[in-house]
Amino acid sequence: AQSVTQLDSQVPVFEEAPVELRCNYSSSVSVYLFWYVQYPNQGLQLLLKYLSGSTLVKGINGFEAEFNKSQTSFHLRKPSVHISDTAEYFCAVSPIYNQGGKLIFGQGTELSVKP
Amino acid sequence: DVKVTQSSRYLVKRTGEKVFLECVQDMDHENMFWYRQDPGLGLRLIYFSYDVKMKEKGDIPEGYSVSREKKERFSLILESASTNQTSMYLCASSPPLRPRGNTIYFGEGSWLTVV
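Quick mapping for you: the protein sequence lines, in order, are chains A and B.
Counting along the first sequence from 1, when you hit position 86 you're at 86 in this note's numbering, and nothing is skipped either side.
Take any residue in the second sequence, note its place counting from 1, add 1000, and you have its number in this note's numbering.
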């Protein structure tokens, strides 16, 4: 079985500051890794994903994440946040050989960017 | 453009009512999913389907059933709604996870309140 833990439920930051949203996972098999963003009253939108290859993955809106296999982590970073980045962020994994590619999600991290 | 459409954004139903949540995707995707989203719990998989008339239980199937008679449509059914099913429900679809690179696309969600 797989599980995902997002270590911070809420992260308040000031505009133009850097931010890191932390994600750890547990799995006995190889997984794909994802970060999704949910803006207020909307569905989820894919930010980035790690399938294989380079452990540093770049996504949309200036976000990037680094896969660390030894620490089973996939932390999300942005060097300078904007007010518009205020949203909830979800880390998710999917077992590579899983039929249908279902996702297992973390609990979510609310990013609040203040002026 | 990719589109997953959930027929109702906001519903209020009475305890014991039968509730249908409808989801349609226009991308000819094989896989479709129903998730439930609750604060502090993230998204939890209720049911998924990887083909017409095929379904598999997710992590929290109790109290729910699904129907997939056509490839583009996946319905979630609450046979007898209860107040603990008050939640946000998210539908999603994807092509098979392999070959690599495929993304799961989400609808905007249906807010269900059971009174």
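Note that the Cβ used here is the ideal one computed from N, Cα and C, for glycine as well.
Model, not experiment: these values are computed from the prediction.
Beta-carbon gap between residue i and residue j smaller than 9 Å
| i | j | result |
| --- | --- | --- |
| Gly62 (chain A) | Ser80 (chain A) | yes |
| Val1115 (chain B) | Lys1018 (chain B) | no |
| Pro1110 (chain B) | Leu1021 (chain B) | Note that residue 1110 (chain B) is Ser in the sequence shown here, rather than Pro. Yes, Cβ-Cβ distance for Ser1110 (chain B) and Leu1021 (chain B) is below 9 Å. |
| Gln2 (chain A) | Gly108 (chain A) | no |
| Ala1092 (chain B) | Ile1104 (chain B) | yes |
| Ile96 (chain A) | Glu15 (chain A) | no |
| Asp1026 (chain B) | Lys1003 (chain B) | yes |
| Val1024 (chain B) | Arg1068 (chain B) | no |
Boundaries (first-last residue) of the beta strand (DSSP E) holding residue i
| i | result |
| --- | --- |
| Thr1015 (chain B) | That residue, Thr1015 (chain B), is in no beta strand (DSSP E); it is neither H nor E in DSSP. |
| Leu1112 (chain B) | 1110-1114 |
| Ala65 (chain A) | 64-68 |
| Leu21 (chain A) | 19-21 |
| His75 (chain A) | 73-78 |
Contact list for residue i against chain B, beta-carbon separation under 8 Å
| i | result |
| --- | --- |
| Phe90 (chain A) | Gly1042, Leu1043 |
| Gln107 (chain A) | Gly1040, Leu1041, Gly1042 |
| Ser9 (chain A) | Gly1040 |
Separation of residue j from residue i, as counted between CA atoms
| i | j | result |
| --- | --- | --- |
| Val11 (chain A) | Glu1079 (chain B) | 39 Å |
| Val13 (chain A) | Val113 (chain A) | 5 Å |
| Leu1112 (chain B) | Leu1090 (chain B) | 11 Å |
| Glu20 (chain A) | His75 (chain A) | 7 Å |
| Thr1005 (chain B) | Glu1108 (chain B) | 7 Å |
| Gly119 (chain A) | Lys1057 (chain B) | Within the shown structure, residues of chain A are numbered from 1 to 115, placing residue 119 (chain A) beyond reach of any answer. |
| Leu51 (chain A) | Val93 (chain A) | 10 Å |
| Gln71 (chain A) | Leu1011 (chain B) | 43 Å |
| Asp1038 (chain B) | Tyr89 (chain A) | 14 Å |
| Leu7 (chain A) | Tyr36 (chain A) | 16 Å |
| Ser1007 (chain B) | Ala1081 (chain B) | 18 Å |
| Phe1033 (chain B) | Leu1045 (chain B) | 7 Å |
| Tyr32 (chain A) | Val57 (chain A) | 12 Å |
8 Å Cβ cut-off: residues of chain A touching residue i
| i | result |
| --- | --- |
| Gly1107 (chain B) | Gly43 |
Under 7 Å from the C-beta of residue i: neighbouring residues of chain B
| i | result |
| --- | --- |
| Leu46 (chain A) | Thr1103 |
| Leu103 (chain A) | Ile1104 |
Inter-residue CB distance, residue i and residue j (contact presumed, cutoff 8 Å)
| i | j | result |
| --- | --- | --- |
| Lys69 (chain A) | Phe1048 (chain B) | In fact, because the Cβ distance is near 27 Å, the residues do not count as touching under 8 Å. |
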